[in-house]
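Everything below concerns the one structure shown next.
Number of protein chains: 2
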Amino acid sequence: MVIPTSQCHSMPQINCSSCRLNMLCLPISLELTDINKLDEIIQRGRPIQRGDHVYHAGDKFRSVYAVRSGAIKTVSNTQDGQEQITGFYLPGEIIGMDGLATNTHSNSAIALETSAVCEIPFGRLEELSAQLPNLQRRFFQLMSKEITNDQQLITLLSKNNADQRIASLLLSISARNHSRGLSAEEFYLPMSRSDIGNYLGLTIETVSRVLSRLHKQKIITLDKKHVLINDMTALRNLALTSDKP
Amino acid sequence: MVIPTSQCHSMPQINCSSCRLNMLCLPISLELTDINKLDEIIQRGRPIQRGDHVYHAGDKFRSVYAVRSGAIKTVSNTQDGQEQITGFYLPGEIIGMDGLATNTHSNSAIALETSAVCEIPFGRLEELSAQLPNLQRRFFQLMSKEITNDQQLITLLSKNNADQRIASLLLSISARNHSRGLSAEEFYLPMSRSDIGNYLGLTIETVSRVLSRLHKQKIITLDKKHVLINDMTALRNLALTSDKP
DNA sequence: CGGGTCATTGAGTCAGCTCAAGGCTCGTGG
DNA sequence: CCACGAGCCTTGAGCTGACTCAATGACCCG
Chain V
0 MVIPTSQCHS MPQINCSSCR LNMLCLPISL ELTDINKLDE IIQRGRPIQR GDHVYHAGDK
60 FRSVYAVRSG AIKTVSNTQD GQEQITGFYL PGEIIGMDGL ATNTHSNSAI ALETSAVCEI
120 PFGRLEELSA QLPNLQRRFF QLMSKEITND QQLITLLSKN NADQRIASLL LSISARNHSR
180 GLSAEEFYLP MSRSDIGNYL GLTIETVSRV LSRLHKQKII TLDKKHVLIN DMTALRNLAL
240 TSDKP
Chain R
0 MVIPTSQCHS MPQINCSSCR LNMLCLPISL ELTDINKLDE IIQRGRPIQR GDHVYHAGDK
60 FRSVYAVRSG AIKTVSNTQD GQEQITGFYL PGEIIGMDGL ATNTHSNSAI ALETSAVCEI
120 PFGRLEELSA QLPNLQRRFF QLMSKEITND QQLITLLSKN NADQRIASLL LSISARNHSR
180 GLSAEEFYLP MSRSDIGNYL GLTIETVSRV LSRLHKQKII TLDKKHVLIN DMTALRNLAL
240 TSDKP
């Protein structure tokens, strides 16, 4: 019933070369000796609790962070005091790249559940990047991935209705879990309904109604935050703009 | 009446150190000798006409491009055949960074009017970046800026109504014109109503109605694509979420 | 002058919002 | 052990801002 979550936030002594996420994370395409060089600059902190900040909007930019376990949301504050969740980040994904442009974080990063992150001091990463072309390329790629992700969200918000938005989010989490070796069909949503609504530009009531409807239609089975995708094909079709066939 | 546009697309022989955009573009924070090194790798093409592509979605990623004159839109195609405009780019701004993640452009870049771009082969830029820390930093910053821009658009689409979206777009173009030494109050919109609607997640009718209303309220004076901002303060207030004061 | 593209304006519809009520769960304290 | 309050979620009912559909106008180019 309960899907066991990774225990690695209790093992701060782990290093990149033995981390089971290293095929997703920053070290991709690095040689072992280069991974070890990267390892030396990475600082592994103690677990952070639900609601704790990894960094605050306005903080001086010093580091980027790899999520090692748990789940993190990034939140940007608009000038008029609203909060917009700009992303949910799962193990192996990198946060903090928003801080480079102005040397100050424009977002806050907040743990959705007990989590652990690897801190990567950016100054050291820059130096190492200049020496290791593969690392430089890899980091450019990660930033580019961030851009294309954001653009997909823009499209979702601009063109898609509530059903499509929710279906797309479920499919995204499913696919990312799958790439980490977990089930694509069964998982826990680490965020609240309110977080989902904020992220997708919907009210909490609409999120709740859509999820209830998907459950009634037997496309998913939903119990609180536990999701079981019964009909992946139907969910994928729902995520597409169902105009002309 | 007619605001003269830059003529530099007819002067391909110009180089970075003499380009009047060099305080906005890639060369910021480079020494003169380093600018000259950058200059050597940049290829300046002939003018491109309205509707022409700088690159197509699916093209192999080879270069990024600095807009030298005119205006460019970037368009991403969703799997189900829809088009989403993800940005409008004015002189001094960089396009093409979407291609890094997968080595293939995920967007198309299309000229909104007669334009010129500087092509910057990415392989050469990477090599040079490894040698020039300031250039590496500058390029990271540009990508980070792209991310924060996209996140602002996400917030706009997620939280703001039609009036706020239109007002924000007008203010953004105004500010970017101003930073290029042009008028903040008076400018031409390089894109169609349909492009505006696509970008902002609105129908063309709504765009037209909102612009007409702003004109009737004397906040702007609108004649086709020519915009005169009469009351910058009112426009700024409109762009803010006008909930609790 | 005709045909095409782009923009404006009006009228009616509807998806998602607001407002409101109530349920479930968990922790705290009597 | 149960009562109670605080969060979080669900569900219903009615409203509204933006959409759809439709007609018309303005401009450009051959």
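Heads up: the protein sequence lines correspond to chains V and R, in order.
Residues 0 to 244 (numbering that gives the first Met the number 0) make up the first sequence, in order.
Residues 0 to 244 (numbering that gives the first Met the number 0) make up the second sequence, in order.
By construction, the Cβ of each residue, glycine as well, lies at the ideal position given by its N, Cα and C atoms.
The model shown is predicted, which means the values in this text are computed figures rather than measured ones.
In terms of CA proximity to residue 96/V, 144/V leads the group 215/V, 214/V, 208/V and 144/V. The C-beta of residue 87/R comes no closer than 8 angstroms to any C-beta of chain V. Around residue 96/V, the beta-carbon contacts reaching into chain R at under 9 angstroms are 139, 142, 143 and 146. For residue 226/R and residue 47/V, the gap between their C-alpha atoms comes out near 50 angstroms. Residue 132/V carries a helical assignment under DSSP once its states are collapsed to helix, strand and coil.
Between residue 103/V and chain R, the shortest Cβ-Cβ separation is not below 8 angstroms. At a cut-off of 8 angstroms between beta-carbon atoms, residue 50/V makes no contact with chain R. Setting aside the 5 residues that flank it on each side, residue 232/R has no residue in the same chain whose C-beta is closer than 7 angstroms to its C-beta. Listed along chain V, the residues sitting closer than 8 angstroms to residue 200/R by beta-carbon distance are 156, 157 and 158. Cβ proximity to chain R below 9 angstroms picks out 105, 106, 121, 125, 126, 128 and 129 from the stretch 104 to 129 of chain V. For the stretch 52 to 64 of chain R, no residue has a beta-carbon sitting nearer than 8 angstroms to a beta-carbon of chain V. Annotation for residue 131/V: 33 place their beta carbon closer than 6 angstroms to its own, counting only its chain and skipping 5 residues before and after.
Listed in chain order, the non-local C-beta contacts of residue 240/V below 8 angstroms within the same chain comprise 158, 159 and 163, local neighbours out to five positions each way being set aside. Within chain R, the C-beta atoms nearer than 7 angstroms to that of residue 79/V come from 239 and 240, in chain order. In the same chain as residue 209/V, and ignoring 5 residues on each side of it, the C-beta atoms closer than 7 angstroms to its own belong to 161, 162 and 165, in chain order. With respect to residue 203/V, residue 211/V sits apart: the two C-beta atoms are not nearer than 8 angstroms.
Taking a Cβ-Cβ cut-off of 7 angstroms, the neighbours of residue 153/V in chain R comprise 83, 85, 149, 152, 153 and 156, given in sequence order.
Beta-carbon to beta-carbon, residue 73/R and residue 94/R are separated by about 6 angstroms, close enough to satisfy the 8 angstroms threshold. Residue contact check for residue 166/R against chain V: no CB pair falls below 8 angstroms. Cβ contact annotation for residue 42/V (same chain, cutoff 6 angstroms, sequence separation greater than five): 118, in chain order. With respect to the 8 angstroms criterion, residue 128/V and residue 135/R are classified as neighbours on the basis of their beta carbons. Residue 234/R is outside the set of residues whose beta carbon lies under 8 angstroms from a beta carbon in chain V. Burial check for residue 98/R: the Cβ neighbour count within 10 Å reaches 16 or more, so the residue is buried. The beta carbons of residue 60/R and residue 121/R sit closer together than 8 angstroms. For residue 100/V, the chain R residues whose Cβ falls inside 7 angstroms of its Cβ are 140, 143, 144 and 147, in order along the chain. For residue 26/V, not one C-beta of chain R is nearer than 8 angstroms to its own C-beta. Taking C-beta atoms under 8 angstroms as the contact rule, residue 238/V and residue 191/V fail to qualify, at a distance of about 22 angstroms.
If the five residues before and after residue 77/R are omitted, its C-beta is found closer than 7 angstroms to the C-beta atoms of 83, all from its own chain and listed in chain order. Contact of residue 132/V with chain R by beta-carbon distance below 9 angstroms involves 125, 126 and 129. Closest in alpha carbon position to residue 49/V, among 230/V, 189/V and 195/V, is 189/V.
Here residue 201/R has 161 as same chain residues with Cβ atoms under 6 angstroms from its own Cβ, once five neighbours each way along the sequence are excluded. Against chain V, a Cβ distance below 7 angstroms from residue 75/R picks out 150 and 154.
In this structure, residue 17/V lies away from residue 35/V, with their beta-carbon atoms at least 8 angstroms apart. The continuous alpha helix (DSSP H) containing residue 161/R extends over residues 161 to 178.
Beta bridge pairing from DSSP links residue 54/V with 108/V.
Counted as a single uninterrupted DSSP element, the stretch harbouring residue 97/V is not any beta strand (DSSP E), since DSSP gives it neither H nor E.
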